[in-house]
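Protein chains in written order, with my numbering: chain X, 1 to 503; chain A, 504 to 915. Just so you know, even glycine gets a beta-carbon here, dropped at the ideal spot from N, CA and C. Note that the structure is a prediction, hence the values are computed from the model and not measured.
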């Protein structure tokens, strides 16, 4: 290990790598309760060249490497699987390289957060459209591209953040540095288009969960932020999920270019109000689901027309408009005008003290989500005895269910489901039973959701392996993915273990 | 591990968990004035490993509680590189809107967690660090009773000029250590303001250091004696209100003493700005006539007044009441304010780090177009001034750093 450390030190200098036990543990977890992997070394590289050299050393020494952006994966994706290896902390690479205002393309280092990027763009009246994931205040652009991230706002209009990708610079697991799209032509002076020059190789790295290469430079299409926007929140009638699905479907069928549309289930409204999280809804007697939208436009007339069309759909479903201000219950205004879109779900994770998330976040068609939500409720009932085991120790029962359901690309939604539970260290003692039960329940819930035919975007350590373990992948798809992986990464150095790609 | 076990109710991160979202390291949200969070991590720049900000430290704490890794001197070196400014608590699942409270931010109190970890490091023998040891030793020395190692009488030298200060009274001033020993002109200016307003005060020459430094370092072994001595001293002299011009003393008296004792103090505790606002509201301060263009002033919220004690409005009200002044805000202000970097023992043990953080705050003040950067904490003033001295002439031509008391006195 000393020899490897010395080799790495020559690449990045000693200030930017550490094998301190405390630094290693600082990078050993993500946002779930149960997964941990302690790296041997943490490195903060400054550019693609350094990463290339690091990967070469890793290959020579058969040492796994895991890239880490914001470190907010819900499935343990940005820490080692098992102990050991190198964590690449990409957050040092957080610079804006170029803003091409003529062609509306921004080129950035992959470790930059969506928050920092959009703060920069707002001074030019621009934004990224899709604002990345719900954790976009901190999450990195590279991480977003690696996961087809959505949830940070704008995904009903712009889709997942990978939709805006123009070009990538990627360091392959064996150290070669490539650029995609227009930049595959070495005479191209600047990125301008993703497609062409042969197959869409950028697509290979989109949503790859970091297994095919380390993203170091990203060019994104950006957009002028429309000057006009409106946002409204509605109280849903009974059977709120079904009604919300009908509304979303009708919005798509009528081709209304809504920026955000989101359903907040009954349970979130009820428990959140009970816990004092939503003073804006305190006066509402029927704690049913909420639906809100945000719509943007380039003129007042255009905006009024769009709002009228949307309101006709929503009010036609016996829903109730809550009023224009946040104090009236208009959470949409808060979400767009104050929250900067981000962080809504995280707040819900902490709805009860001590409870942390074991997620099941995925995409599914609009029409499918009410049944999946119902089935998660049913799953909860069926697992009462396991829930009881945790209750017996903590006196609080884990809570399962779904958080907000945003409309995303095409006719799809993101389900932000899962359950929240306790850490195994509780009240001064380590309770392995809590951890074992958490894992058992998490696997059970994931399998239940997988069998609805959903599509995962953030898969990390856990879901990527679980999909393989339960045979959910079609054989042909998995074989092709394996073949590409072996070709690009013969020693399985990069993100070793994800999708069961081991040494 | 036994020590940690005993502290579990203080850490309480099994019940008030860190979810690991990383906003304490990276969050930028302009719409609510949030531009990053951790002054130490940002000052470390490219070397800013996650152990420099809350999430990384929480991950380490989880591993300690699970028995995977031990406390050590190496850990102490990391832990004390934190100004305990509390900005991580502000960003932790913040909402900043009264109608959507999302109260997870109330469930985790990072400052308490770091305080508890420091206590454990001290009890386990891995702390205090070298310079912190000296401070606590001086503070507990009967010949000194201040962390600067000065003779005990030095603190009260300035009183000789003010025979009108009584030995007993309902309104008593607690001088603390930093202002009388390092910023004595400010005390003289305070007396100028009070005298002009016709306000009488009393003082004791037997006050001891409030103990803030020991609390922040986590070395509380002799603190009970200090607290009891100080409270008794003021109680005996008939104090109904104790006030101080030091943000650290204010927090210690108002928050830490009652918490450590488990009971209310026998008198009210106020900050000097709370006294001055009363005088201003009664038109008791005879300001000079307004002349020329308005002076642009920006206010730096000391962590011990702002995030720790929620005292944001009164200092601003004081400033806006001064004729000829335009108060302008820095990009990060109130609960989002950037720490000056001096707190939590950083200034004494890691002075270069503290100054580096202050330079960023001064640059922010310059960007606001303010001509005066004022604040109401001697630690902030000292650290900002140290940074200011190292900055180039262009900065010095644009802005000056002035204690709020000195600034008010200059207008009388």
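Asked: Under 8 Å between beta-carbons, which chain A residues line up against residue 338 of chain X? List them in chain order, please.; Found: 534, 535, 599, 600
Asked: Unbroken beta strand (DSSP E) runs of length 3 or more, entirely within the region 814-895 of chain A: which are they?; Found: 828-830, 875-878
Asked: Please confirm whether residue 92 of chain X has its beta-carbon closer than 7 Å to some beta-carbon of chain A.; Found: yes
Asked: Name the residue from X:411, X:244, X:60 whose alpha carbon lies nearest to the alpha carbon of residue 404 of chain X.; Found: X:244
Asked: Please state if the CB of residue 115 of chain X and the CB of residue 884 of chain A are separated by a distance shorter than 7 Å.; Found: no
Asked: Output yes if chain A places a C-beta closer than 7 Å to the C-beta of residue 26 of chain X; else output no.; Found: yes
Asked: List, in chain order, every chain A residue whose beta-carbon is nearer than 7 Å to that of residue 21 of chain X.; Found: 572
Asked: On the DSSP letters alone, give me the boundaries of the beta strand (DSSP E) that residue 16 of chain X sits inside.; Found: Segment: none, residue 16 of chain X is in no beta strand (DSSP E) and carries neither H nor E.
Asked: For a minimum of 4 consecutive residues, which ranges assigned as the alpha helix (DSSP H) are wholly contained in the region 228-284 of chain X?; Found: 240-253, 266-274
Asked: Determine, using beta-carbon pairs with one atom in the region 398-417 of chain X and one in the region 371-390 of chain X, whether at least three such pairs fall under 8 Å.; Found: yes
Asked: If you measure beta-carbon to beta-carbon, which residues of the region 276-287 of chain X are closer than 7 Å to chain A?; Found: 276, 277, 278, 279, 280
Asked: Do the region 105-113 of chain X and the region 207-221 of chain X touch if we need at least three Cβ pairs shorter than 8 Å?; Found: yes
Asked: Which residues, in order along the region 115-126 of chain X, keep a beta-carbon less than 7 Å from a beta-carbon of chain A?; Found: 115, 116, 119, 122
Asked: Determine whether the Cβ of residue 559 of chain A lies closer than 7 Å to any Cβ atom of chain X.; Found: yes
Asked: Taking 7 Å as the threshold (beta carbon to beta carbon), is residue 562 of chain A in contact with chain X?; Found: yes
Asked: Between residue 750 of chain A and residue 805 of chain A, is the Cβ-Cβ spacing less than 7 Å?; Found: yes
Asked: Suppose you measure from the CA of residue 534 of chain A to the CA of residue 894 of chain A; what does that come to, to the nearest Å?; Found: 31 Å
Asked: Go ahead and pull the three-state DSSP assignment for residue 43 of chain X.; Found: strand
Asked: If we cut at 7 Å on Cβ distances, does residue 334 of chain X have a partner in chain A?; Found: yes
Asked: Let me know the secondary structure DSSP gives residue 124 of chain X once reduced to three states.; Found: coil
Asked: With three or more C-beta pairs closer than 8 Å as the rule, is the region 139-146 of chain X touching the region 69-84 of chain X?; Found: yes
Asked: Within its chain, find whatever has a CB closer than 8 Å to the CB of residue 16 of chain X; leave out the 5 residues flanking it on each side and keep chain order.; Found: 43, 44, 45, 46, 92
Asked: Determine the chain A residues that contact residue 356 of chain X at a beta-carbon separation under 7 Å, and present them in chain order.; Found: 520, 522
Asked: Specify the secondary structure class of residue 675 of chain A as computed by DSSP and reduced to three states.; Found: strand
Asked: Give the secondary structure of residue 753 of chain A by DSSP, where H, G and I count as helix, E and B as strand, and everything else as coil.; Found: helix
Asked: Determine the DSSP secondary structure at residue 767 of chain A, reduced to helix, strand or coil.; Found: coil
Asked: I'd like to confirm the pairing. Which residues does DSSP put opposite residue 109 of chain X in its beta bridges?; Found: X:217
Asked: Beta-carbon separation of residue 314 of chain X and residue 212 of chain X under 7 Å?; Found: no
Asked: What distance in whole Å lies between the Cβ atoms of residue 638 of chain A and residue 572 of chain A, which are believed to be in contact at a cut-off of 8 Å?; Found: The Cβ separation is near 28 Å, so there is no contact.
Asked: Pairing CB atoms from the region 187-205 of chain X with CB atoms from the region 162-169 of chain X, are three or more of them under 8 Å?; Found: yes
Asked: Since residue 225 of chain X and residue 117 of chain X should fall inside the 8 Å C-beta cutoff, what is the C-beta to C-beta distance between them, to a whole number of angstroms?; Found: Rounded, the Cβ-Cβ distance is 13 Å, inconsistent with contact.
Asked: Let me know if residue 797 of chain A comes out buried or exposed under the rule of 16 or more other beta-carbons within 10 Å of its beta-carbon.; Found: exposed
Asked: Quick one, which of X:455, X:301, X:358 has its alpha-carbon nearest residue 368 of chain X's?; Found: X:455
Asked: DSSP on residue 191 of chain X, reduced to helix/strand/coil?; Found: coil
Asked: If contact means a Cβ-Cβ distance below 8 Å, which residues of the region 374-394 of chain X contact chain A?; Found: none
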